[in-house]
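Taken in order, the sequence shown gives residues 48 to 298; the numbers are from this note's numbering.
Every residue, glycine too, gets a C-beta built ideally from N, C-alpha and C.
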Amino acid sequence: GLGQELLHLFMGSRVHESLEWLYENKEAGVDDLIETYEDLWQKKLDGDGTKIKVKLLRIDKFNEEHYMNLGKLFLKMYYSKHEPFSDKDLLIEKTELPLEIELGRYKIQGEIDRFTHKKGEIPEIHDYKTNKSIPEGTTRLKEIVYKLGLIEKEGFDLILQEKPLLWKRIEKKGFERQLKLYALLIEKSNYCKKCNDWSTEKICETCKEETDVYPQFDKVKLIWHYLRLNEEVEMLIDKDILKNIKKEIEN
Numbered sequence: 048g049l050g051q052e053l054l055h056l057f058m059g060s061r062v063h064e065s066l067e068w069l070y071e072n073k074e075a076g077v078d079d080l081i082e083t084y085e086d087l088w089q090k091k092l093d094g095d096g097t098k099i100k101v102k103l104l105r106i107d108k109f110n111e112e113h114y115m116n117l118g119k120l121f122l123k124m125y126y127s128k129h130e131p132f133s134d135k136d137l138l139i140e141k142t143e144l145p146l147e148i149e150l151g152r153y154k155i156q157g158e159i160d161r162f163t164h165k166k167g168e169i170p171e172i173h174d175y176k177t178n179k180s181i182p183e184g185t186t187r188l189k190e191i192v193y194k195l196g197l198i199e200k201e202g203f204d205l206i207l208q209e210k211p212l213l214w215k216r217i218e219k220k221g222f223e224r225q226l227k228l229y230a231l232l233i234e235k236s237n238y239c240k241k242c243n244d245w246s247t248e249k250i251c252e253t254c255k256e257e258t259d260v261y262p263q264f265d266k267v268k269l270i271w272h273y274l275r276l277n278e279e280v281e282m283l284i285d286k287d288i289l290k291n292i293k294k295e296i297e298n
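What follows is the structure in structure tokens.
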């Protein structure tokens with residue numbers, strides 16, 4: 048059989064898979080990371096055991112080689128910026144974490160790229176963007192550090208703090224939707240303290256003990272990694288904002 052996939056989305060998926068592999072193999076070098084990316088790319092094209100090969104579709108003038116090399120560049124920049132990846136202070140780290148909760152008549156499902164919590168620090172939810180730029184196109188991106196604060200004023204507005212203002216505003220709705228989903232999923236999902244992991248049921252499938260919610264969740268930091276730009280956007284929210292988000296969904 049033959050399946051079809053848009054080239055830029057195919058590249059993004061392979062980059063996500065490669066980063067997941069990296070955080071499971073933290074002593075790996077950058078050459079190992081790139082080799083894994085190439086292997087994942089080719090295996091998916093060849094069907095990866097499904098007998099369904101993939102035909103890549105262009106959306107622009109750039110070919111497969113261009114996008115493959117673009118993914119390599121993203122991974123090399125990320126590796127260089129964030130190594131080393133081992134951290135003895137980590138209390139928990141999960142990649143590609145699928146979660147599901149029910150709020151009133153709604154069921155919310157999502158998969159978090161990466162969740163980390165270091166000893167004595169605020170939990171972090173990481174999301175990786177390969178095909179998007181930071182909203183409202185900018186110049187001199189390499190020279191700038193972006194920091195965001197979230198304030199509550201007739202809804203949720205993002206305010207740019209510090210450094211030159213090279214863009215007028217942030218597309219509020221996209222950030223807000225993702226924020227609601229990720230923050231609520233982590234806060235409300237079934238967490239097993241003994242296994243240090245999440246469960247789809249109220250009784251942990253592994254140890255058979257009753258689950259609870261994740262502790263120390265008064266604040267959470269949401270971090271978007273814009274791999275194309277090698278930049279991050281950070282947002283800090285607290286318990287009161289999480290409560291308001293929950294009320295908004297339920298109502």
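Proximity of residue i and residue j at Cβ, strictly below 8 Å
{"i": "H272", "j": "H164", "result": "no"}
{"i": "D136", "j": "H63", "result": "no"}
{"i": "Y229", "j": "T142", "result": "no"}
{"i": "K268", "j": "E279", "result": "no"}
{"i": "L122", "j": "I81", "result": "yes"}
{"i": "L276", "j": "Y175", "result": "no"}
{"i": "E147", "j": "T247", "result": "yes"}
{"i": "K102", "j": "G50", "result": "yes"}
{"i": "I270", "j": "E168", "result": "no"}
{"i": "K90", "j": "S133", "result": "no"}
{"i": "L144", "j": "W68", "result": "no"}
{"i": "T177", "j": "L283", "result": "no"}
{"i": "N2", "j": "I155", "result": "Limits of the chain in this structure are 48 at one end and 298 at the other, which puts residue 2 out of reach."}
Sheet register partners of residue i (DSSP bridge)
{"i": "I172", "result": "F162 and L269"}
{"i": "W68", "result": "W68 is not bridged to any residue."}
{"i": "T142", "result": "R161"}
{"i": "D244", "result": "C239"}
{"i": "V280", "result": "W271"}
{"i": "I250", "result": "E257"}
{"i": "E149", "result": "K154"}
{"i": "L49", "result": "K100"}
Three-state secondary structure (DSSP) of residue i
{"i": "E85", "result": "helix"}
{"i": "V260", "result": "coil"}
{"i": "D287", "result": "helix"}
{"i": "D136", "result": "coil"}
{"i": "L54", "result": "helix"}
{"i": "S60", "result": "helix"}
{"i": "L274", "result": "coil"}
{"i": "E234", "result": "helix"}
{"i": "K154", "result": "strand"}
{"i": "I217", "result": "A caution first: I217 carries a pLDDT of 38, below 50, which makes its placement in the model unreliable, though a value can still be read off. Three-state result, I217: coil."}
{"i": "K73", "result": "coil"}
{"i": "D79", "result": "helix"}
Euclidean distance between Cα positions of residue i and residue j
{"i": "G151", "j": "D78", "result": "48 Å"}
{"i": "F57", "j": "D265", "result": "37 Å"}
{"i": "K100", "j": "E52", "result": "10 Å"}
{"i": "G59", "j": "L117", "result": "10 Å"}
{"i": "E252", "j": "N237", "result": "11 Å"}
{"i": "D259", "j": "P131", "result": "33 Å"}
{"i": "K331", "j": "E85", "result": "Here the chain covers residues 48 to 298 and nothing more, so residue 331 does not appear."}
{"i": "E257", "j": "K166", "result": "24 Å"}
{"i": "Y126", "j": "G76", "result": "9 Å"}
{"i": "K255", "j": "L231", "result": "24 Å"}
{"i": "Y40", "j": "I233", "result": "The requested residue 40 is not part of the displayed model; the chain covers only 48 to 298."}
{"i": "L87", "j": "G94", "result": "11 Å"}
{"i": "D287", "j": "I106", "result": "43 Å"}
{"i": "R216", "j": "D285", "result": "Bear in mind that the predicted position of R216 carries a pLDDT of just 34, short of 50, making it too unreliable to give a figure here."}
{"i": "M115", "j": "K235", "result": "38 Å"}
C-beta neighbour in chain B for residue i, strict 8 Å
{"i": "D287", "result": "Absent from the structure: chain B. Only one protein chain is present."}
Which residue spans inside the region 97-134 form an unbroken beta strand (DSSP E) run of at least 3? Here the runs fully enclosed are 100-104.
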